[in-house]
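Residue numbers (the UniProt record's numbering): 1 to 141.
Notes follow once the structure below has been shown.
Take a look at the structure:
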């Protein structure tokens, strides 16, 4: 099983591509579809709850190991990210990864998901190498 992470995205269609693309290195244990549900679900998972609420069938649902990072898709704006981060503060420090919206992105679709996967893997490897996996900070990919 891969390294456990939480993925936040607006559509399961793109989420499926990202979940598949992150394997085998990373195991998306939970998929969050809105800031409101993320504000409830992510703190529960960070606290180690074994059956947190869910609004998506995506993800392995293997909560035996805590997630090491939270990855947010481009559909989550600053306000949405702040809602989730505020609800999760101080529970378990993990890095939060967001797309850098100043970088050119592909149009939404399978290729968009594949491009996001490459950028997420690169940033997670860099954070791990630099020893920054226990910092509760937002990092852009």
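Where a beta carbon is used, it is the ideal one built from N, C-alpha and C, also for glycine.
Taking the DSSP output, what are the residues bridged to residue i?
i, result
"residue 108", "Paired residues: none, contrary to the question."
"residue 98", "140"
"residue 30", "6"
Under a Cβ-count criterion, where at least 16 other Cβ atoms within 10 Å of its own Cβ denotes burial, should residue i be classed as buried or exposed?
i, result
"residue 7", "buried"
"residue 48", "exposed"
"residue 106", "exposed"
"residue 30", "buried"
"residue 23", "exposed"
"residue 90", "exposed"
"residue 9", "buried"
As a quick exercise: from the options, pick the residue whose alpha carbon is nearest that of residue i.
i, options, result
"residue 15", "38, 136 and 56", "56"
"residue 124", "103, 86, 72 and 76", "72"
"residue 145", "9, 5, 13 and 1", "Outside the shown range of the chain, which is 1 to 141, sits residue 145, and nothing can be said about it."
"residue 11", "136, 122 and 113", "113"
"residue 42", "92, 104, 138 and 141", "92"
"residue 81", "38, 60, 58 and 52", "38"
Near residue i, which residues of its chain fall below 7 Å by C-beta distance, leaving aside the five closest residues on each side in sequence?
i, result
"residue 147", "Because the chain in this structure spans residues 1 to 141, residue 147 falls outside the shown range and cannot be described."
Taking DSSP as the reference, what is the three-state secondary structure of residue i?
i, result
"residue 68", "coil"
"residue 78", "helix"
"residue 58", "coil"
"residue 133", "coil"
Taking 8 Å as the limit between beta carbons, can you name the residues of its chain near residue i, skipping five residues before and five after?
i, result
"residue 117", "17, 18, 21 and 22"
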